[in-house]
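**Student:** Dumping the structure here so I can ask a few things about it.
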Amino acid sequence: MALPAFSPASPLEMRNAMGRFMTGVAIVSTGTPEDICGMTISSLTSISLDPAILMISLNHGSRTTDMVASTRRFTVSILNARQEAVARHFATRGGSRFESIEYDVGDYGLPMITNALVQAECSVVQDPHVGDHQVFFGQVENLRYRDGSGLVFNAGRFGDFHDFGHDEIPWWF
Numbered sequence: 001m002a003l004p005a006f007s008p009a010s011p012l013e014m015r016n017a018m019g020r021f022m023t024g025v026a027i028v029s030t031g032t033p034e035d036i037c038g039m040t041i042s043s044l045t046s047i048s049l050d051p052a053i054l055m056i057s058l059n060h061g062s063r064t065t066d067m068v069a070s071t072r073r074f075t076v077s078i079l080n081a082r083q084e085a086v087a088r089h090f091a092t093r094g095g096s097r098f099e100s101i102e103y104d105v106g107d108y109g110l111p112m113i114t115n116a117l118v119q120a121e122c123s124v125v126q127d128p129h130v131g132d133h134q135v136f137f138g139q140v141e142n143l144r145y146r147d148g149s150g151l152v153f154n155a156g157r158f159g160d161f162h163d164f165g166h167d168e169i170p171w172w173f
């Protein structure tokens, strides 16, 4: 099937096009002793191994974005393939998202989703504003992970990953 003609990169066209890029799904969380918040993200990237740096990109004006900017700390919980309901729950706006969700508390007192494949605690080292997002670079202070299949998102749908049966290839190739 041939690609259609080029068109301007409007917000809708950009969303539709970039939605074709399969991503993992994570919950970013932050808070204070009085208030915790979080949101579903797919914009998560490992930037550096030494020091360990993650990058997340959050919408301007969200409660989570404002609180990460204020507290300078966040957690990332990379969801397993059976946690679609958690992803959908944290993708809604408003309300207290942690009331009905099982979560662990890390060394910095911040929530991380129970049974996630990865849980990481980060402190913000840079936070530039780019377009309609604020990008946070977080130094990973603490990290733990388990084996399993991750939840993925592609073209507006959740799913899981199925490999081709090949031997594992180190990701730094």
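Here full-length UniProt numbering is used: the first residue of the sequence shown is 1, the next is one more, and so on. Beta carbons: idealized from backbone N, C-alpha and C, even for Gly.
(1) Are Phe-136 and Val-68 touching if we call contact CB-CB under 7 Å?
(2) So which of Pro-170, Gly-165, Ile-36, Ala-17 has the shortest CA-CA distance to Glu-99?
(3) Round the Cβ separation of Ser-46 and Leu-54 to the nearest angstrom and send it over; I've been treating them as touching at under 8 Å.
(4) Sort Asp-127, Arg-157, Pro-4, His-60 by Cα distance to Met-39 and report the nearest one.
(5) With DSSP run on the structure shown, which of helix, strand or coil describes Asn-115?
(6) Would you mind giving the Cβ-Cβ distance between Ile-27 and Val-86, rounded to the nearest angstrom? I have them listed as a contact below 8 Å.
(7) Relative to the alpha-carbon of Arg-93, which residue among Thr-64, Ala-9, Gly-19 has its alpha-carbon at the smallest distance?
(8) For Gln-126 and Gly-138, I'd like the C-alpha separation in whole angstroms.
(9) Is any heavy atom in the ligand GTP found nearer than 6 Å to the beta carbon of Gly-24?
(10) Hey, how far is the Cα of Val-76 from the Cα of Glu-84?
(11) Rounded to a whole number of angstroms, what is the C-alpha to C-alpha distance between Asn-142 and Met-18?
(12) Which residue comes first and which comes last in the beta strand (DSSP E) that contains Met-1?
(13) Cα separation between Leu-3 and Arg-15?
(14) Assuming Leu-79 and Ala-120 are in contact, meaning their beta carbons sit under 8 Å apart, how far apart are those beta carbons, in whole angstroms?
(15) Check the C-beta distance from Ile-56 over to Ser-70 and give it rounded, since I have them as a contact under 8 Å.
**Tutor:** Once the coordinates are examined:
(1) Cβ atoms of Phe-136 and Val-68: closer than 7 Å.
(2) The candidate whose alpha carbon is nearest that of Glu-99 is Ile-36.
(3) Contact holds; Cβ gap of about 6 Å.
(4) That would be His-60, whose Cα lies nearest to the Cα of Met-39.
(5) Three-state DSSP puts Asn-115 in coil, outside helix and strand.
(6) The beta-carbon separation of Ile-27 and Val-86, rounded to 7 Å, stays under the 8 Å limit for a contact.
(7) Nearest of Thr-64, Ala-9, Gly-19 to Arg-93, Cα basis: Thr-64.
(8) The straight-line gap from Cα to Cα measures roughly 7 Å.
(9) This structure lacks the ligand GTP; in fact it carries no ligand of any kind.
(10) For Val-76 and Glu-84, the distance between alpha carbons rounds to 16 Å.
(11) Per the coordinates, the alpha-carbon of Asn-142 lies some 31 Å from the alpha-carbon of Met-18.
(12) From DSSP, Met-1 is part of no beta strand (DSSP E); its letter is neither H nor E.
(13) The alpha-carbon atoms of Leu-3 and Arg-15 are separated by roughly 17 Å.
(14) 13 Å between Cβ atoms; not a contact.
(15) In fact, because the Cβ distance is near 15 Å, the residues do not count as touching under 8 Å.
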